[in-house]
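Per the working numbering, the sequence shown starts with residue -6, numbered consecutively.
Every residue gets a Cβ at the ideal spot worked out from N, C-alpha and C, and that includes glycine.
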Amino acid sequence: MQPRAQGKDNTSRLFCRLGDVLRQLDPAKTLVVSDAKIFALYGHYFPGLPYTLIPEGEKAKSLDALPALLDSFIQHRVDRSWTLLALGGGSVSDSAGFAAHIWMRGIGFYAAPTTLLAMCDAALGGKNGLDYGGYKNVIGSFHFPQRLFCDAETLRSLKPEQFASGMAEAIKHGILEGETHFSFLENCAQRFGNESGLDYKSCPIDVLEHLIDLSQQFKLSIVAQDPRESDKRRLLNLGHSFGHALESVSGMPHGYAVALGIALASRYAQAKGRMQETDLQRILKLLSRCGLPVSLEAVDSGGSLRKKAAELLFMDKKRVGGLVHFLLPKGIGEVKIEKIPVEELISFLREEGR
């Protein structure tokens, strides 16, 4: 199989069981990239395929981990006719996608995400980021997966915080797309929620698949209009200016940081008179009902995290000079990109909730 064009997203999506994925692959030309924990759960679905294991979580998204992954390509004699299959969460798809992009100037790339965050967001859209110097995703590439295999049954094995982390991205998409999408998520939280969030272990599979499908359709529609994030795709960064800074200094799960970022951006918009109180409360309520944090006080009672996070806002990739291209939510289905002085955002973050 020849490597695909890297500048355009033609990802095909297939909802199927993992046991059906093997028949879609060329076993002589596919290398599975996964981590030890995920491969122990699902590696048996790919008997006979060569594989390589990378570190779990954010440790996979580093230049330190990259040489071992590239060495495995040499070991398995991976050439331009090969395809990588990223089996796992967002860190796996980021690492495999980046490696696929740079190996021999680009080889094929499939993804079989096993977390909600990866299914809804991280594994599609072609952005593959590595961390460097304590900063999130400052090294990266655009390399789009050719195929995305989604087995929603794998979500049943997630820990509650992992599923909740994915719900942050799903809610982000609902806020961006509008009332129909957002109210579906509210309905899911009401019908299938418990004290820990959405009860994904007993929630009907068709409901989970529809939740994922809504996010995928929305994200891919945005990516199709702006594949390299020069304009409209920036909307997908809602909550990430505050969120990435908080994630970098706290080590909290990505989705938790995004949820806090969305809550902070919404409170900032409301404080500026740009968002109605009713929309703010709907957003905060849905995040909270899905097991996500909405208050800095819950994670930073002493104030040290917000101080460190404020300093990292200067490294926001969306900053140009003293201004940040900030995603300002004005309501459900109405989000604008506005240039906000970075010092104003820093001041808000330091003082929020005090």
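- For residue 107, which beta-bridge partners are listed by DSSP? According to DSSP, which records beta bridges pairwise, residue 107 is partnered with nothing at all.
- Buried versus exposed call for residue 121 [16 or more other C-beta atoms within 10 Å across all chains shown]: buried
- Item | Other residues of its chain near residue -6: CB distance less than 7 Å, five sequence neighbours each side excluded | Reliability of the predicted coordinates at residue -6 is poor, the pLDDT of 32 falling under 50, and the value obtained from them is presented with this limitation in mind. Cβ neighbours of residue -6 beyond the five flanking positions: 19, 22, 74, 76, 101.
- Can you grab the Cα-Cα spacing for the pair residue 177 / residue 64, in whole Å? 46 Å
- Thinking C-beta only, is residue 151 closer than 7 Å to residue 117? no
- Are the stretch 249 to 264 and the stretch 285 to 302 touching, with three or more C-beta to C-beta distances below 8 Å? The stretch 249 to 264 vs the stretch 285 to 302: in contact.
- Do residue 336 and residue 319 have their CB atoms nearer than 7 Å? no
- Would you identify the three-state DSSP class for residue 89, choosing helix, strand or coil? Residue 89: helix per DSSP, three-state reduction.
- Query: With a cut-off of 8 Å, do at least 3 Cβ pairs link the stretch 94 to 114 to the stretch 134 to 149?
  - Reply: yes
- Message: Bridge partners for residue 186 per DSSP, in chain order?
- Response: 191
- Message: Alpha carbons only, please: which of 240, 274, 26, 180 is nearest the one belonging to residue 81?
- Response: 26
- Coil, strand or helix - residue 26 by DSSP: strand
- Task: Report the rounded CA-to-CA distance for residue -4 versus residue 222, giving the unit in angstroms.
- Result: Because the pLDDT of residue -4 is 37, which lies under 50, any placement of that residue in the model is unreliable, and the question is left without a value.
- Message: Nearest by alpha-carbon distance to residue 419: which of 345, 227, 340 is it?
- Response: Not covered by the structure: residue 419. The range shown for the chain is -6 to 347.
- Pull up the distance between the alpha-carbon of residue 204 and that of residue 168, whole angstroms please. Their backbone Cα atoms lie some 14 Å apart in a straight line.
- Count the other C-beta atoms from every protein chain shown that fall within 10 angstroms of the C-beta of residue 197, then say buried if there are 16 or more, exposed otherwise. exposed
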